[in-house]
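Read through the structure below, which is laid out as C-alpha cells, and then see the notes.
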Amino acid sequence: MFDGPKPLVSVKDLKMHFPIYAGFFRRRVGEVKAVDGVSFDIVEGETLGLVGESGCGKSTCGRAVLRLYDITSGSISIDDREIGATPQSDLRTMRPTMQMVFQDPQASLNPRMTVEAIIKEPLDEHTALTEAEKREKVGELMDAVGLNRKFAKRYPHAFSGGQRQRIGIARALALNPKFIVCDEPIAALDVSIQAQVVNLLEDLQEKFGLTYLFISHDLSMVRHIATRVAVMYLGKVVELAPREALYRDPLHPYTKALLSAVPEPDPSLATAKERIILQGDVPSPSNPPNGCNFCTRCPSVMDICTKVEPDYREVQPGRYTACHLYNDTAG
Amino acid sequence: MPDGALPVLDVRDLKTVFKTRGGEVHAVNDVSFELRPGELLGVVGESGSGKSVTMMSLLGLLPSPPANVRGGQVTFDGRDLLKVNPDELRSVRGAKIGFIFQDPMTSLNPVFTVGNQIMEPLRKHMGLNKREAAVRAQELLELVGIPDAARRLLDYPHQFSGGMRQRVMIAIALACDPQVLIADEPTTALDVTIQAQILELMKELRSKLGMAVIWITHDLGVIAGIADRVMVMYAGQVVEHAPVEELFQNPQHPYTRALLKTIPTISGERAARLTIIEGQPPIMMAPPNACAFRDRCDVAFERCAQENPPRYDVGHGHDAACFFDARTGVPRDV
C-alpha cells in the first residue's frame, strides 16, 4: 500500500482489551482481548469491508477506530491526525470528520425526539448556523436519504426499520464527514429492504466522496459493497485482500471455511459445493489458544501453529494474511 | 418422497386474525399446504409475512385473545387439530409434532439442567421412568453430536454455546420420535460456520430418522440447500409453491423473482447495483380483496387492484398466486 493513494484512515497494532474483575474485592483477574493487534489502511473513497462471526471483535474494532473507547494501545490516524491517545474532550472537534451508522435503528434513535431534532442535533453541537439554515439543511439531508420532508415533525416510532436506518444515515451525514463507520447497518432489516439501504449508501458515497468501514457478518453483501475486505477471527485480522481476489481465491483456512459455509440461493450450486464444516466453537477471547488463534479449529493445522503465532504480512501484492501455510511464499 | 403418498399434515384455508386497538390484523389468510412423509418443506418470507403465525396457529400455540384462529382445517393423524380439546392437542404437541424455536438463548429454561429439560417430554409423553428417560436423553444428545453427553446432561443452558444450545433444542424436539418437526428459523441466530454445522446435522438426522420437516426461514440460501419443496409467503398468503429446483430456476410470482434478484451472492456475477423492491410490505388491517403485492409489483395491472389472485397451477407441482402469466408474458385469461 505504499505506492497506492494515501490512506485516509490508518490503524496500526490497535488493541482493545476489556478487564475482567472477579471475587469479593473485584480484583482484576484477566482481560477480554476483543481487538488484539489489528492493522489496516483505508484509502480515501474506498469501502473496507470488515467481516467475521459474532464475538470476533469487528464491532469493537469499528468503535475503537472512532475512539468511542479509550483504546489499550496502538495508533489510529484519520485525515492526517493521530487520535490514538487524544483525550475524549479534544476529540470533539474531530467528530465532524468521522461518524457512525449503528446496527439497530430502533435503539440508536431517541424515541422522544422528532426526526428533525435528531438530524439537527449534530448541527446544534458543531456549527454556528441559524435555525432557518439548520432546518434547510435537515430538509436537504432528508431528501438525500430518500425521506419525505413532510415527515420531519414525526417521531421514530412512526417509521419502518428501513426508514429509521435512513434517519440514522442522515444524522451521520449532517456534518459532511469524510469517514463513516457502518456497524452492521442492514443486519436488522428484511432482505427486500437491505438492498434499498445498501444502494443508498453507495449513492451517497459517490455523491459526497465518503470513505466507509463497512462492518458486517453478511459475506455476500460485503462482496457487493466493499472495495477490499478484512476478515477477523478472535480479535485479529487473519486476511485482508481486494474483494475479487478474496472471494475467488481465499488464502487463510478460516476465510476458506467461512466462504464455503455461506448458503447459496441456487439448489444446483448448493449440492455441488464442497463444504468445509468447521468443528467446534470459537475459543473465548479471554483465554485464546497458544500460537495461532485458529489452531483449535483449523483443518490444515500443523505443529508450528500451536506454538508460534503467525505474522500478519503481505504474501502477494495487496494481499495480507496471518498463516504459517504461507511462510515460504513471503516476498 | 412419493408424490401420491398420503400427506402427514394437511392444512386447508387456515385463517388467523389478531385483535388490536387499531382493528383486526389479518395475519394468515387462507393458507393451504400439505406435508408429505419424509419431505422437507421450506417456508420463506420476510418478517410479518405470517410464516411463524401459520405454524403456531395450527398447533394452538397462540394466546387468545389477541389471536383468533378463525377458520380452516388441519388434518393430522386422522383428526382436525383445530377441533380437538386442549388435552388431546397437548398429547400431539411435543410428542408427534416437535417444534424448534428461533432463539436457542431464550427457549431453554435457565434454572433447569439440560438433562432435565430433555427428560421432561420423555416422561410426560412416553411414560418413561427417571432412569429410562436419562438413558434416552443421553442417546439423544449423542445423536445431535454433543460430545461427552453423559456429563453434559448435568449442565445448565448457560454452559452451552449458541450452536450447542440449538443442538439441545433439536434433541428435545426429537425426544419422542415425532412424525413432523417444525423448525422456526432454527439457524437465524447462529453464525454461518455454526449454521453450516446445524444444516449438516439436520440432513444426517433426516436420513436416519425419516421424519417430515417444515423449515421456516427468510434465507433463500438455506432453503436452496436443504428443502425438497418451497412455499413463499407474502402478507399472510402463500404466493408461490414449487419443488425447490423448479422454484429457483423458474420463479413465477413477481415477488419471488424480485426477491431472488435482490440478494447478492458470493459466487457468480457481481451486479454493479442491487435490484431493489420498492416500497414496504402492506399493513394487513383488512382481509385481502386485491393482490397484496400490487403496489410493489412491476407487472401489476387493473385486475390486481380488484380481486385477490387465487393460486394458479402452472404444472410440475408448481403454483403461483398471480394474474400475470410469467411464462407467456401476458395476463392470464381465467
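So the protein lines, in turn, are chains F and U. Quick note: the first sequence uses the UniProt record's numbering, first residue 1, plus one each step. Quick note: the second sequence uses the UniProt record's numbering, first residue 1, plus one each step. Note that CB positions come from ideal geometry on N, CA and C, so glycine has one too.
Spatial distance of residue i from residue j (CA atoms)
i	j	result
U:F160	F:K15	28 angstroms
F:L234	F:P288	8 angstroms
residue 379 of chain F	F:G161	The requested residue 379 of chain F does not occur in the structure, where chain F is confined to residues 1 to 331.
F:E46	U:A95	55 angstroms
F:I20	F:D36	16 angstroms
U:G60	U:L82	7 angstroms
U:Y312	U:C322	7 angstroms
F:S10	F:F179	12 angstroms
F:E136	F:R171	14 angstroms
F:S89	F:A187	32 angstroms
U:A224	F:E53	22 angstroms
U:G317	F:R248	37 angstroms
F:L204	F:A144	8 angstroms
U:D13	U:Q73	7 angstroms
U:F101	F:D281	21 angstroms
F:N148	F:M142	7 angstroms
U:P104	U:P157	9 angstroms
F:H17	F:E239	21 angstroms
F:R319	F:R313	8 angstroms
Residue-chain proximity (residue i, chain F), Cβ-Cβ < 8 angstroms
i	result
U:F293	no
U:S267	yes
U:V314	no
U:L274	yes
U:A196	yes
U:G163	yes
U:A183	no
U:D228	no
U:Q159	no
Nearest candidate by alpha-carbon position, reference residue i, set the options
i	options	result
U:R296	U:P37, U:R332, U:E269 and U:Y234	U:Y234
U:A189	U:T106, U:R273, U:L41 and U:P282	U:T106
U:P147	U:R167, U:Y156 and U:K130	U:R167
U:T262	F:K58, F:V197 and F:G318	F:V197
U:C304	U:P331, U:A326 and U:D313	U:P331
U:G145	U:K203, U:G315, U:P282 and U:C176	U:K203
U:G48	U:A67, U:P66, U:P65 and U:V28	U:V28
U:V11	U:V31, U:E142, U:R151 and U:T20	U:V31
F:N199	F:H224, F:D218, F:D183 and F:D190	F:H224
F:S39	F:E202, F:V191 and F:V237	F:V237
U:P310	U:L259, U:H241, U:Q249 and U:G279	U:H241
U:D219	U:K208, U:T187, U:K19 and U:D103	U:T187
U:V25	U:A286, U:T328 and U:A320	U:A286
U:L108	U:G162, U:A271 and U:T75	U:G162
F:S286	F:K33, F:R28 and F:R26	F:K33
Residues of its chain near residue i, where Cβ-Cβ distance is below 8 angstroms and the 5 sequence neighbours each way are ignored
i	result
U:A212	V8, L9, L35, R36, P37, G38, E39, L40, L41, Q179, V180 and L181
U:L62	T16, V53, M56 and V69
F:D311	A322
F:P111	Y155, P156 and H157
For residue i, three-class secondary structure by DSSP
i	result
F:R164	helix
U:S207	helix
U:D295	helix
F:M1	Confidence in F:M1 is poor, its pLDDT being 47 and thus under 50, which makes the residue's placement unreliable; the coordinate value appears in the next sentence. Three-state DSSP puts F:M1 in coil, outside helix and strand.
F:A34	strand
U:Q252	coil
F:F159	coil
U:R270	coil
F:L213	strand
F:K178	coil
F:M16	strand
U:P264	coil
Chain U contact for residue i (CB, 8 angstroms cutoff)
i	result
F:H217	yes
F:L91	no
F:S10	no
F:V198	yes
F:E121	no
F:M142	no
F:A224	According to the sequence shown, residue 224 of chain F is His rather than Ala. It does; some Cβ of chain U falls within 8 angstroms.
F:P289	no
Cβ shell of residue i (< 6 angstroms), same chain only, five flanking positions each side left out
i	result
F:S73	K15
U:I97	P178 and V180
Cβ neighbours of residue i in the same chain (closer than 7 angstroms, five flanking residues each side left out)
i	result
U:M119	A133, A134 and A137
F:I193	G161 and G162
F:N290	T306 and K307
U:K51	V43, G45, I216 and M233
Residue i Cβ short of 7 angstroms to the ligand HEM heavy atom set
i	result
U:D148	Among the components modelled here there is no ligand, and therefore nothing to report on the ligand HEM.
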